[in-house]
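Going by this note's numbering, the sequence shown opens with residue 1, and the numbers climb by one from there.
Yeah, the Cβ is synthetic: ideal placement off N, Cα and C, and Gly gets one too.
This one's a predicted model, so the numbers in the text were calculated from it and none came from an experiment.
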Amino acid sequence: MSSPPPPATPLAVFDKVWSEIGLGPADRAGSVAILGDDPVVPGRHRFGAASAGALAAQGAAVAAVWKLRGGGGQDVAVDLRQAVVPGLQTIAHLYQNGHYLPPHPPGTDFIGFFRTRDERQIFLLRTTVYPELMTRLVNVLDCGYAPEAMARAAARWNAFELEEALAGARAVGVVARTRTEWLAHAQGQWLAARPAVEVEKIGDSAPEPLAPALRPLAGVRVLDCTHVLAGPATARVLAEQGADVLHVAPPWRLDSHPMLMDTGFGKRNALVDFSQADDVQRLRELVQGADLLVQSWRPGALERAGFGPEEIARQRPGIVYVSVSCYGSGGPWRERGGFEPIGQTVCGLAIDEGSAAAPRLAPTGTLNDYLAPYLASAGALAALIRRAREGGSYHVKVSLTRCSMFLQELGPLAAAQEAASPSTMPAAAPEHFITMASPYGELRVPAPIVRYSRTPGYWSCPPGPPGQDEPAWQG
1 MSSPPPPATP
11 LAVFDKVWSE
21 IGLGPADRAG
31 SVAILGDDPV
41 VPGRHRFGAA
51 SAGALAAQGA
61 AVAAVWKLRG
71 GGGQDVAVDL
81 RQAVVPGLQT
91 IAHLYQNGHY
101 LPPHPPGTDF
111 IGFFRTRDER
121 QIFLLRTTVY
131 PELMTRLVNV
141 LDCGYAPEAM
151 ARAAARWNAF
161 ELEEALAGAR
171 AVGVVARTRT
181 EWLAHAQGQW
191 LAARPAVEVE
201 KIGDSAPEPL
211 APALRPLAGV
221 RVLDCTHVLA
231 GPATARVLAE
241 QGADVLHVAP
251 PWRLDSHPML
261 MDTGFGKRNA
271 LVDFSQADDV
281 QRLRELVQGA
291 DLLVQSWRPG
301 ALERAGFGPE
311 EIARQRPGIV
321 YVSVSCYGSG
331 GPWRERGGFE
341 PIGQTVCGLA
351 IDEGSAAAPR
361 LAPTGTLNDY
371 LAPYLASAGA
381 LAALIRRARE
391 GGSYHVKVSL
401 TRCSMFLQEL
411 GPLAAAQEAA
421 SPSTMPAAAP
431 EHFITMASPY
441 GELRVPAPIV
451 RYSRTPGYWS
461 CPPGPPGQDE
471 PAWQG
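So this is what it looks like as structure tokens:
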């Protein structure tokens with residue numbers, strides 16, 4: 001009987017991601033260093049190795065782009081502790097005019113596990129951020145909004161029957177599964193057969209070399225059609241090195257102020273109503289001038305509107321199309337929506353962090369909402385490199401659930417490491433913050449994490465309110 005593979009080191013995680021995005025040793029433009037090791041937080045998984053390894057791949061891809069543009073080589077380094085705190089929860093570290101800004105209004109319950117009639121635990125997304133989701137949830141449960149009422153209602157259902165009823169109503173909730181159960185499920189098998197970040201060539205086009213510039217991503221146009229956290233954070237990472245990021249959102253689906261402040265650095269913000277013909281035409285014109293399109297809508301939604309990856313690749317050959325979803329681009333659950341906690345719960349991570357009777361989310365709270373952007377931005381940069389060399393249109397795919405599975409695949413902490421884990425969450429180091437004036441006042445927020453020897457990361461502008469800019473490219 002073969003022994004299990006050794007636990008993944010942070011640099012081994014970097015090597016894994018680097019290979020999965022289609023890059024090799026010859027593409028490295030300098031050294032890669034990851035400083036520190038797990039454990040950083042009171043948990044059972046290698047949160048630091050996952051986050052720092054993904055960030056190192058993203059940083060090394062930036063260095064490769066810079067070298068491709070004639071900028072020469074440079075080294076990158078990642079502080080593993082910083083990659084976890086605040087790197088996996090930057091929205092939990094926002095300060096506005098000296099006051100801490102909580103991610104959710106005080107007294108609101110964003111998450112909750114509930115016991116069902118068959119003694120299983122089910123996660124129900126209770127959020128006031130999206131009232132329509134809460135309405136669908138209480139309609140299925142046939143109860144009031146109070147958590148006590150939901151607990152009584154959930155206890156009348158068998159877990160998997162409730163899960164299917166919620167999916168049918170387009171509400172959000174999943175049964176807390178073990179990892180074994182998930183890998184026996186058709187969707188779990190579909191995801192397990194694919195890498196954590198997938199870069200697929202979906203069309204042919206002429207090469208588009210990247211001209212010399214002052215910053216690695218200067219002049220690279222990113223059309224940011226995202227919402228919530230994972231999608232917008234992907235575009236924020238690209239903005240760190242000078243990409244021209246234009247975030248567009250419909251006026252009827254705007255993110256909360258903390259979300260906008262967390263993910264809005266380095267972006268301009270325009271309103272585009274996907275239900276209005278004039279705005280749809282404007283969006284098509286923006287696509288023609290874009291290098292990348294990042295979207296995080298439920299799979300199938302943009303396809304039905306004529307903005308799926310294949311259609312966009314026909315309209316704009318050479319596009320790099322980045323999709324962030326809950327369950328991936330295929331499989332029986334492809335079109336089911338979901339948020340951060342869903343990925344952790346469905347694949348077994350929550351049970352591994354807690355128990356079957358008392359599942360527990362990652363100690364950082366958010367996990368996939370930041371791990372997915374680090375992986376997606378690495379894949380997007382690899383696609384840009386390929387486009388510059390060989391041409392083509394590309395589809396970069398990540399999912400929240402596959403990110404949790406990626407963390408599981410690194411193996412649990414060794415017993416001695418788990419015993420050495422801190423009992424409480426560590427504070428973010430003061431030197432890992434920046435302060436910037438903004439339309440929201442003075443913001444103190446986590447700084448870019450990856451350190452570059454020649455092109456330090458920074459955002460050229462603060463976050464601004466939705467609609468403050470015209471839906472047009474600069475220059």
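Rounded C-alpha distance that separates residue i from residue j
i: Ala155; j: Gln121; result: 10 Å
i: Arg298; j: Tyr327; result: 9 Å
i: Asn97; j: Tyr458; result: 21 Å
i: Val138; j: Pro105; result: 20 Å
i: Ala243; j: Leu292; result: 10 Å
i: Ser438; j: Glu340; result: 28 Å
i: Thr401; j: Gly441; result: 36 Å
i: Ser19; j: Ser377; result: 15 Å
i: Val320; j: Arg389; result: 14 Å
i: Arg268; j: Val222; result: 11 Å
i: Ala414; j: Pro359; result: 21 Å
i: Glu200; j: Leu217; result: 21 Å
i: Pro42; j: Ala350; result: 14 Å
i: Thr435; j: Pro446; result: 9 Å
i: Pro209; j: Glu470; result: 28 Å
i: Phe14; j: Ala54; result: 6 Å
i: Trp473; j: Ser460; result: 16 Å
i: Gly343; j: Trp333; result: 12 Å
i: Thr424; j: Tyr95; result: 22 Å
i: Glu148; j: Ser393; result: 50 Å
i: Val129; j: Gln82; result: 28 Å
i: Asn163; j: Tyr145; result: The sequence shown places Glu at residue 163, not Asn. Approximately 18 Å, taken between the alpha carbons.
i: Gln468; j: Glu285; result: 19 Å
Element boundaries [beta strand (DSSP E), containing residue i]
i: Ile34; result: 32 to 35
i: Ala77; result: 76 to 79
i: Leu271; result: 267 to 271
i: Ser325; result: 320 to 325
i: Val445; result: 441 to 446
i: Gly203; result: 198 to 203
i: His257; result: That residue, His257, is in no beta strand (DSSP E); its alpha helix (DSSP H) goes 257 to 263.
i: Leu229; result: From DSSP, Leu229 is part of no beta strand (DSSP E); its letter is neither H nor E.
i: Gly173; result: 173 to 175
i: Val222; result: 221 to 225
i: Val245; result: 244 to 249
Contact set for residue i: own chain, Cβ-Cβ below 7 Å, skip 5 residues either direction
i: Gly330; result: Trp190
i: Ser3; result: Any answer about Ser3 is weak, because its pLDDT of 46 lies below 50 and its placement is not dependable; what the coordinates show is given next. So no residue of the chain qualifies.
i: Pro373; result: Ala230, Ala233, Thr234, Val237
i: Ala153; result: Leu141, Asp142, Cys143
i: Ala420; result: Pro39
i: Gly365; result: Gln89, Ala92
i: Phe160; result: Val175
Residue i - containing alpha helix (DSSP H), residue span
i: Cys403; result: 400 to 409
i: Met436; result: No alpha helix (DSSP H) contains Met436, which is instead part of the beta strand (DSSP E) from 433 to 438.
i: Phe47; result: 47 to 68
i: Arg284; result: 277 to 288
i: Ala8; result: Counting along the chain, Ala8 falls outside any alpha helix (DSSP H), and DSSP gives it neither H nor E.
i: Arg179; result: 179 to 184
Residues near residue i in its chain [Cβ-Cβ closer than 8 Å; skip 5 each side]
i: Ala211; result: Arg69, Gly219
i: Leu302; result: Cys225, Gln295, Gly308
i: Ala192; result: Leu183, Met405
i: Val76; result: Gly30, Ser31, Val32, Ala33, Ala56, Gly59, Ala60, Val62, Ala63, Val450, Arg451, Tyr452, Ser453
i: Met1; result: In this predicted model, Met1 has a pLDDT of only 39, less than 50, meaning its place in the structure is not dependable; the value taken from the coordinates is given anyway. The answer is none, since no qualifying residue turns up.
i: Val228; result: Asp255, Met259, Ser296, Phe339, Asp369
i: Ile385; result: Leu23, Asp27, Ala61, Ala64, Val65, Leu68
Contact under 8 Å by Cβ, residue i with residue j
i: Leu407; j: Ala50; result: yes
i: Leu443; j: Pro456; result: no
i: Gln241; j: Arg215; result: yes
i: Arg488; j: Asp352; result: The question about residue 488 has no answer, for the chain in this structure spans 1 to 475.
i: Pro103; j: Ala52; result: no
i: Leu80; j: Leu35; result: yes
i: Gln288; j: Arg316; result: yes
i: Asn158; j: Arg117; result: yes
i: Val398; j: Val197; result: yes
i: Pro465; j: Ala249; result: no
Other residues of its chain near residue i: CB distance less than 6 Å, five sequence neighbours each side excluded
i: Pro426; result: Val85
i: Gly27; result: For the sequence presented, residue 27 should be read as Asp rather than Gly. Result list for Asp27: Ala64, in chain order.
i: Leu23; result: Ala382
i: Gly348; result: Arg177, Thr178, Arg179, Trp182
i: Gly87; result: Ser51, Ile449
i: Gly391; result: Ser205, Ala206, Pro207
i: Phe113; result: Gln121, Phe123, Pro359
CB contact check: residue i to chain C, cutoff 8 Å
i: Gly337; result: Going by chain labels, chain C is absent from the structure shown, which holds only one protein chain.
At 4 residues or longer, and completely inside the stretch 339 to 391: list those alpha helix (DSSP H) runs for me, N to C. Runs of the alpha helix (DSSP H) spanning 4 or more residues and lying entirely within the stretch 339 to 391 occur at 340 to 346, 349 to 353, 368 to 390, in chain order.
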